[in-house]
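Peer 1:
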Amino acid sequence: MRRRRRADAGAIALAALLAHGGAAAQVTPVFTAPLVQPAVAPPPEPAREPVTPQEMVRWFESACVATQGQAGAAIDWALSNGFEPVDPMRGSTDGLLDGKPGTVLTAPGAGGRVMLAAAEADCSLWIEGEEGPPVRQALATAVGALVGKGAKARVEVDRNVERAGAWRGQVQWRYRAIGGSLDFGVAAVTTLANGPGTQVLRVSPLARAAEFSPDGVRLR
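Numbering (our numbering), first residue to last: 1 to 220.
#1: Between Gly179 and the rest of its own chain, which residues show a CB-CB distance below 7 Å, the 5 nearest in sequence each way excluded?
#2: Report yes or no: do three or more beta-carbon pairs, one from the segment 197-204 and one from the segment 113-133, lie closer than 8 Å?
#3: With DSSP run on the structure shown, which of helix, strand or coil describes Ala66?
#4: What's the call for Glu120, buried or exposed, on a 16-neighbour Cβ count within 10 Å?
#5: Check whether the Cβ atoms of Gln68 and Ala145 sit closer than 8 Å, and answer yes or no.
#6: Among residues of its own chain, excluding the 5 on either side of Glu130, which ones have a beta-carbon nearer than 8 Å to its beta-carbon?
#7: Quick one: residues in its chain with C-beta nearer than 7 Å to the C-beta of Ser117, no 5 flanking neighbours on either side, listed in chain order?
#8: Roughly how far, in whole angstroms, is the beta-carbon of Trp173 from the beta-carbon of Arg154, given that I think they are within contact range, below 8 Å?
#9: If distances are taken between C-alpha atoms only, which option among Glu156, Glu61, Gly132 and Leu182 comes closest to Arg208?
#10: State buried or exposed for Thr141, treating a residue as buried only when at least 16 other CB atoms are found within 10 Å of its CB.
#11: Would you check if the distance between the CB atom of Val189 and the CB atom of Gln170 is smaller than 8 Å?
#12: Distance, Cα to Cα, Leu206 vs Glu156?
#13: Would Gly150 be called buried (16 or more neighbouring beta carbons within 10 Å of its own) or exposed?
#14: Keeping to the same chain, check which residues put their C-beta closer than 7 Å to that of Val161; ignore five residues upstream and five downstream.
#15: Just the Cα atoms here: how many angstroms apart are Gly82 and Ala74?
#16: Short check: CB of Thr106 to CB of Glu128, under 8 Å?
#17: Could you name the residues of the same chain whose beta carbon sits closer than 6 Å to that of Lys152, not counting the 5 residues immediately before and after it, in chain order?
#18: Measure the Cβ-Cβ separation of Ala238 and Ala78 and say whether it is below 8 Å.
#19: Verify whether the separation of the beta carbon atoms of Met115 and Val86 is less than 8 Å.
#20: Could you tell me which uninterrupted beta strand (DSSP E) segments, each at least 3 residues in length, are contained entirely in the segment 64-145, listed from first to last along the chain?
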């Protein structure tokens with residue numbers, strides 16, 4: 001009789017435990033996390049055509065040549081045409097400014113390879129990973145087009161120099177804008193080899209050149 005009572009008591013306890021578990025199962029669902037719809041990926045942006053040497057030279061012409069190297073005007077043009085300022089704390093901009101106070105901006109769509117450096121009376125475009133001859137030819141074509149519109153330009157420097165183990169071509173035009181009275185140097189230092197390298201285009205003021213009459217008398 002005692003054994004039967006013990007068995008009955010055990011069965012009652014087990015039933016109570018199962019009943020409690022069943023009640024808990026009814027109260028708490030198995031999956032409590034809300035259903036989340038998978039995020040829809042945005043459509044990929046269309047691939048941009050690589051920046052050409054002609055486009056780079058157009059940037060240089062608009063930012064540096066047309067503004068006659070004035071830093072404020074160059075920066076205003078750059079910001080309104082998609083250029084973005086580079087954080088000066090990066091430390092890599094000092095060389096582009098040649099130690100002068102100024103602003104460095106990166107060109108749009110160029111992957112950080114094209115930088116505009118605007119300092120007082122010195123404006124330059126730095127191009128990384130580009131072949132030198134096409135850049136130099138594009139600049140010569142642009143200067144020729146400006147002369148065709150009435151500007152004055154003549155080559156004053158044209159030489160090859162060795163820098164950092166590589167031969168580079170250095171060319172500089174004495175340039176005077178249409179209706180202008182000041183002379184500026186429009187210069188390029190470009191690699192001679194047909195391989196990627198660093199190319200630099202620059203505008204800076206020049207002292208007015210002396211002019212002579214046909215008999216050799218200095219006019220001014």
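Just so you know, even glycine gets a beta-carbon here, dropped at the ideal spot from N, CA and C.
Peer 2: Taking the coordinates as given:
#1: As a position in the sequence shown, residue 179 is number 179, starting the count at 1. Nothing meets the Cβ criterion.
#2: yes
#3: The residue given as residue 66 occupies position 66 in the sequence shown. Looking at Ala66 - three-state DSSP - the assignment turns out to be coil, as it is neither helix nor strand.
#4: As a position in the sequence shown, residue 120 is number 120, starting the count at 1. Exposed: under 16 other Cβ atoms inside 10 Å.
#5: Walking along the sequence shown from the start, residue 68 turns up at place 68. Walking along the sequence shown from the start, residue 145 turns up at place 145. Not closer than 8 Å, so no.
#6: Residue numbering aside, residue 130 sits at position 130 when the sequence shown is read from its first letter. So the qualifying residues of the chain are Pro53, Met56, Arg113, Pro196, Gly197 and Gln199.
#7: To locate residue 117, count along the sequence shown from 1; it is residue 117. Here residue 117 turns out to be Ala, not Ser, going by the sequence shown. If we look at Ala117 and ignore the five residues flanking it on each side, its Cβ neighbours are Leu96, Leu97, Gly102, Val104, Ser124 and Trp126.
#8: Mapped onto the sequence shown, residue 173 falls at position 173. Mapped onto the sequence shown, residue 154 falls at position 154. About 6 Å; that satisfies the 8 Å criterion.
#9: In the sequence shown, the residue the question calls residue 208 occupies position 208. Nearest of Glu156, Glu61, Gly132 and Leu182 to Arg208, Cα basis: Leu182.
#10: Mapped onto the sequence shown, residue 141 falls at position 141. The residue is exposed, with fewer than 16 neighbouring Cβ atoms inside 10 Å.
#11: Numbered from 1 along the sequence shown, position 189 holds the residue referred to as residue 189. Numbered from 1 along the sequence shown, position 170 holds the residue referred to as residue 170. Yes, Cβ-Cβ distance for Val189 and Gln170 is below 8 Å.
#12: Stepping through the sequence shown from its first residue, residue 206 is reached at position 206. Stepping through the sequence shown from its first residue, residue 156 is reached at position 156. Roughly 11 Å between the two C-alpha positions.
#13: Reading the sequence shown from its first residue, position 150 is the one you call residue 150. Looking at its Cβ environment, which holds fewer than 16 other Cβ atoms inside 10 Å, Gly150 is exposed.
#14: Counting from 1 along the sequence shown, the entry for residue 161 is found at position 161. Around Val161, the same chain offers Arg168 and Gln170 as residues with beta carbons nearer than 7 Å, after the five sequence neighbours per side are excluded.
#15: Reading the sequence shown from its first residue, position 82 is the one you call residue 82. Reading the sequence shown from its first residue, position 74 is the one you call residue 74. Distance between the alpha carbons of Gly82 and Ala74: 13 Å.
#16: As a working note, residue 106 is residue 106 in the sequence shown. As a working note, residue 128 is residue 128 in the sequence shown. Against a cut-off of 8 Å, the Cβ pair of Glu128 and Thr106 comes out as no contact.
#17: The residue given as residue 152 occupies position 152 in the sequence shown. Within the same chain, Cβ atoms closer than 6 Å to the Cβ of Lys152 are found at Arg176, the five residues on either side in sequence being excluded.
#18: Outside the modelled stretch of the chain, which goes from 1 to 220, sits residue 238, for which no answer is possible.
#19: Start at 1 with the first residue of the sequence shown, and residue 115 comes out as number 115. Start at 1 with the first residue of the sequence shown, and residue 86 comes out as number 86. Going by C-beta atoms, Met115 is nearer than 8 Å to Val86.
#20: Counting whole runs of 3 or more residues, the segment 64-145 contains the beta strand (DSSP E) stretches 102-106, 114-119 and 122-130.
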